[in-house]
Amino acid sequence: MTDNSAESSRIVSPRHGLLVVALGVVFAGGLVLAGSTDTARNPWEESTITVTINNTVDQNDYRPLTRAAIEYWNDRFTRLGYEGGFEFEPNTTDSADVIVRVVDDVGGGANGRAPVTDGVGTAPTPTVIRVEWDGERSTQKTLTHEFGHTLGLTHADHPRWGVMQTFNTSAIDWRYGIPWERRTLSVYYSHSAAAGEFTDAETDAMQSAIAFYNDGAGGRLNQTVTLRPAANRSHADIEIRKVDQLPITYGCEHAYRSYRSVDGSLRYQTYGIIRIDRGGDSGFYNYCVGNGLSAFLIEADGGTPPPQFDEQTALQQRRQARNRS
28 MTDNSAESSR
38 IVSPRHGLLV
48 VALGVVFAGG
58 LVLAGSTDTA
68 RNPWEESTIT
78 VTINNTVDQN
88 DYRPLTRAAI
98 EYWNDRFTRL
108 GYEGGFEFEP
118 NTTDSADVIV
128 RVVDDVGGGA
138 NGRAPVTDGV
148 GTAPTPTVIR
158 VEWDGERSTQ
168 KTLTHEFGHT
178 LGLTHADHPR
188 WGVMQTFNTS
198 AIDWRYGIPW
208 ERRTLSVYYS
218 HSAAAGEFTD
228 AETDAMQSAI
238 AFYNDGAGGR
248 LNQTVTLRPA
258 ANRSHADIEI
268 RKVDQLPITY
278 GCEHAYRSYR
288 SVDGSLRYQT
298 YGIIRIDRGG
308 DSGFYNYCVG
318 NGLSAFLIEA
328 DGGTPPPQFD
338 EQTALQQRRQ
348 ARNRS
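Going by the numbering used here, the sequence shown wraps up at 352, each residue one higher than the last.
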């Protein structure tokens, strides 16, 4: 998707930790929802703006997070100069005014995208908010942020509307030299429907990479870090996800996203994700996890990755895997 606006999304750099959570695209020209006699002053010109969720990607429960986001804005509709409000209707997938569409990967390092409306009667029909899971608290913050875009707010509005602020974690002096406030981190394995579950050989290879870091990463860690399995996704610090056909050369990528846990402070929460394309051999899965953990635990603190987990190895591993397939 081409960014033609002042709002932009950027990949999260392990060195710089910059998070921009949304792409704002301004819709103008007076798009009006047709067929309703119950009108109100807001971007949809509807007194009841219906919201639903379209999720064919994962098993996470987005309903309470969506309800919390729309409740936040319903309490502030009049402050925006609008009438009416959002109403969550889970069974209106085909006719809702706003669709929260869960995707496997929003792309560009963002975890949410939504259009920025431009006043009364300018909302697209339907208005689609795209979101990917990024931990329970972060996903709720993202949804609240994205609904703000649908109401016409941009990142420049953050002085008045704190939820529209992006968080530059480069201002933080990491307590332990890593983008987390603790040294015991939970790791969760997941997969998209198209990619299928990890095989036993793939799991063993990934756990071997994790064990390397639990054993000190050959002396490259400035602080001892313990990686342990997460009971479920909502409690994970790091997610390792098997996907189908990443749009990159060698089939794996990683990013971490940090966000404010208390408005107006530099306290933060972090969620790391490592995505691996299906199809490689077990050595490739070992590399991808090792490379991602190096970015999170070593390179974020200015270190260099272990030789077995550098980028050139990734290219070689991927070529070998494709030649064997």
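Backbone N, C-alpha and C fix where the C-beta goes; we use that ideal spot for every residue, glycine too.
Checklist entry - With which residues is Gly299 paired in a DSSP beta bridge? => result Working through the sequence shown from its first residue, we reach residue 299 at position 272. Beta-bridge pairing links Gly299 to Ile265 and Tyr283.
Checklist entry - Going by beta carbon distance, what residues of the same chain come within less than 7 Å of Val48, once the five residues before and after it are set aside? => result Within the sequence shown, the letter at position 21 stands for residue 48. Since pLDDT at Val48 reaches only 35, below the 50 mark, its modelled position is unreliable, and the value read off the structure follows with that caveat. Excluding sequence neighbours, Val48 sits near Ala137, Asn138, Gly139, Thr169, His172 and Thr193.
Item to check | Three-state class that DSSP yields for Pro332 in the structure shown | outcome: Here residue 332 is taken as the residue at index 305 of the sequence shown, counted from 1. Reduced to three states, the DSSP call for Pro332 is coil.
Checklist entry - At which residue ranges does the stretch 164-249 contain complete alpha helix (DSSP H) runs of 4 or more residues, listed in the order of the chain? => result 227-241
Checklist entry - Is the distance from the Cβ of Arg268 to the Cβ of Arg305 below 8 Å? => result Counted from its first residue, the sequence shown places residue 268 at position 241. Counted from its first residue, the sequence shown places residue 305 at position 278. Contact: no.
Next on the checklist: Buried or exposed, going by whether 16 or more other CB atoms sit within 10 Å of the CB of Pro186?
Outcome noted: Reading the sequence shown from its first residue, position 159 is the one you call residue 186. Classification of Pro186: exposed, given that the 10 Å Cβ count is below 16.
Item to check | Distance between beta carbons of Leu92 and Thr177, contact taken as under 8 Å | outcome: Stepping through the sequence shown from its first residue, residue 177 is reached at position 150. Stepping through the sequence shown from its first residue, residue 92 is reached at position 65. Incorrect: roughly 16 Å between the Cβ atoms, too far for contact.
Next on the checklist: Going by DSSP in three states, Ala327 sits in which element: helix, strand or coil?
Outcome noted: One-based indexing of the sequence shown puts residue 327 at position 300. It is helical.
Checklist entry - Whose C-alpha, out of Phe336, Thr120, Asn82 and Asp328, is nearest the C-alpha of Cys279? => result Against the sequence shown, residue 279 aligns to sequence position 252. Measuring from the Cα of Cys279, the nearest candidate turns out to be Phe336.
Next on the checklist: Taking the beta strand (DSSP E) that Glu114 belongs to, which residues open and close that run?
Outcome noted: By 1-based counting over the sequence shown, the position of residue 114 is 87. First-last of the beta strand (DSSP E) with Glu114: Gly112 to Phe115.
Next on the checklist: Going by beta-carbon coordinates alone, are Asp264 and Trp188 separated by less than 8 Å?
Outcome noted: Locating residue 264 in the sequence shown gives position 237, counting from the first residue. Locating residue 188 in the sequence shown gives position 161, counting from the first residue. Going by C-beta atoms, Asp264 is not nearer than 8 Å to Trp188.
Item to check | Close Cβ partners of Glu116 (< 8 Å) along its chain, the five nearest in sequence each way excluded | outcome: By one-based count along the sequence shown, residue 116 stands at place 89. Taken in chain order, the residues that qualify are Thr77, Val78, Thr79 and Ala123.
Item to check | Cβ neighbours of Cys315 in the same chain (closer than 6 Å, five flanking residues each side left out) | outcome: As a first step, residue 315 is located in the sequence shown; it is residue number 288 there, counting from the start. Result list for Cys315: Cys279 and Ile303, in chain order.
Checklist entry - In or out: Asp242 buried (at least 16 other Cβ within 10 Å) or exposed? => result As a position in the sequence shown, residue 242 is number 215, starting the count at 1. Asp242 comes out exposed.
Item to check | Counted within 10 angstroms of its Cβ, other Cβ atoms place Glu73 as buried (16 or more) or exposed | outcome: In the sequence shown, counting from the first residue as 1, residue 73 sits at position 46. Classification of Glu73: buried, given that the 10 Å Cβ count is 16 or more.
Checklist entry - Hey, would you say Gly175 sits closer than 8 Å to Met191, going by beta carbons? => result In the sequence shown, counting from the first residue as 1, residue 175 sits at position 148. In the sequence shown, counting from the first residue as 1, residue 191 sits at position 164. In contact: Gly175 and Met191 (Cβ atoms closer than 8 Å).
Next on the checklist: Can you tell me which residues form a DSSP beta bridge with Asp304?
Outcome noted: In the sequence shown, residue 304 corresponds to position 277, counting from 1. Val270.
Next on the checklist: At the level of alpha carbons, what is the spacing between Leu46 and Asp328?
Outcome noted: As a position in the sequence shown, residue 46 is number 19, starting the count at 1. As a position in the sequence shown, residue 328 is number 301, starting the count at 1. Confidence at Leu46 is low in this model, with a pLDDT of 34, below 50, so the placement of that residue is unreliable and no value is reported for it.
Next on the checklist: My output table needs one value for Pro256: the three-state DSSP class, helix, strand or coil.
Outcome noted: Within the sequence shown, numbered from 1, the residue matching residue 256 stands at position 229. Strand.
Next on the checklist: Only counting the same chain, and skipping five residues up and downstream in sequence, which positions put a Cβ closer than 7 Å to that of Tyr89?
Outcome noted: Mapped onto the sequence shown, residue 89 falls at position 62. Within the same chain, Tyr89 has close Cβ partners Ile80, Asn82, Val127 and Val129.
Checklist entry - CB Leu254 to CB Ile237, shorter than 8 Å? => result Indexing the sequence shown from 1 puts residue 254 at position 227. Indexing the sequence shown from 1 puts residue 237 at position 210. A contact, by the Cβ cut-off of 8 Å.
Checklist entry - Exposed or buried, what is Arg284 when buried is set at 16 or more other beta-carbons lying within 10 Å of its beta-carbon? => result Against the sequence shown, residue 284 aligns to sequence position 257. Label assigned to Arg284: buried.
Next on the checklist: Counting C-beta neighbours from all protein chains within 10 Å, is the total for Ala221 16 or more, i.e. buried, or is it exposed?
Outcome noted: Looking up residue 221 in the sequence shown gives position 194. Ala221 comes out exposed.
Checklist entry - Tell me, which residues are paired with Gly139 by DSSP? => result Taking the sequence shown and counting its residues from 1, the one referred to as residue 139 is at position 112. For Gly139, which the question treats as bridged, DSSP gives the partners Val158.
Next on the checklist: In the DSSP assignment, the alpha helix (DSSP H) including Thr77 goes from what residue to what residue?
Outcome noted: Here residue 77 refers to the residue found at position 50 of the sequence shown. Thr77 -> not in any alpha helix (DSSP H); beta strand (DSSP E) instead, spanning Thr75 to Asn81.
Next on the checklist: When you compare the CB positions of Tyr109 and Asn69, do they come within less than 8 Å of one another, or not?
Outcome noted: The residue you call residue 109 lines up with position 82 of the sequence shown. The residue you call residue 69 lines up with position 42 of the sequence shown. Contact: yes.
Checklist entry - Which first and last residues belong to the alpha helix (DSSP H) in which Arg94 is found? => result As a first step, residue 94 must be located in the sequence shown, where it is residue number 67. It spans Arg90 to Asn101 - the alpha helix (DSSP H) in which Arg94 sits, taken as one unbroken run.
Checklist entry - Going by the beta-carbon positions, is the gap between Glu114 and Thr75 smaller than 8 Å? => result The sequence position of residue 114 within the sequence shown is 87, counting from 1. The sequence position of residue 75 within the sequence shown is 48, counting from 1. In contact: Glu114 and Thr75 (Cβ atoms closer than 8 Å).
Checklist entry - Are the beta-carbon atoms belonging to Val133 and Arg157 less than 8 Å from one another? => result Counted from its first residue, the sequence shown places residue 133 at position 106. Counted from its first residue, the sequence shown places residue 157 at position 130. Contact: yes.
Item to check | Residue environment, Asp131, which counts as buried when at least 16 other CB atoms sit within 10 Å | outcome: Translated into positions along the sequence shown, residue 131 becomes position 104. Buried, since its Cβ has 16 or more Cβ neighbours within 10 Å.
Checklist entry - DSSP three-state call for Arg106: helix, strand or coil? => result By one-based count along the sequence shown, residue 106 stands at place 79. Helix at Arg106.
Item to check | Rounded C-alpha distance that separates Gln296 from Pro334 | outcome: In the sequence shown, the residue the question calls residue 296 occupies position 269. In the sequence shown, the residue the question calls residue 334 occupies position 307. The alpha-carbon atoms of Gln296 and Pro334 are separated by roughly 30 Å.
Checklist entry - Can you list, in chain order, the residues of its chain whose CB lies under 7 Å from that of Ser235, leaving out five sequence neighbours each side? => result In the sequence shown, counting from the first residue as 1, residue 235 sits at position 208. Excluding sequence neighbours, Ser235 sits near Asn313.
Item to check | Helix, strand or coil at Val130 according to DSSP, with G and I counted as helix | outcome: In the sequence shown, residue 130 corresponds to position 103, counting from 1. Val130 falls in the coil class under three-state DSSP.
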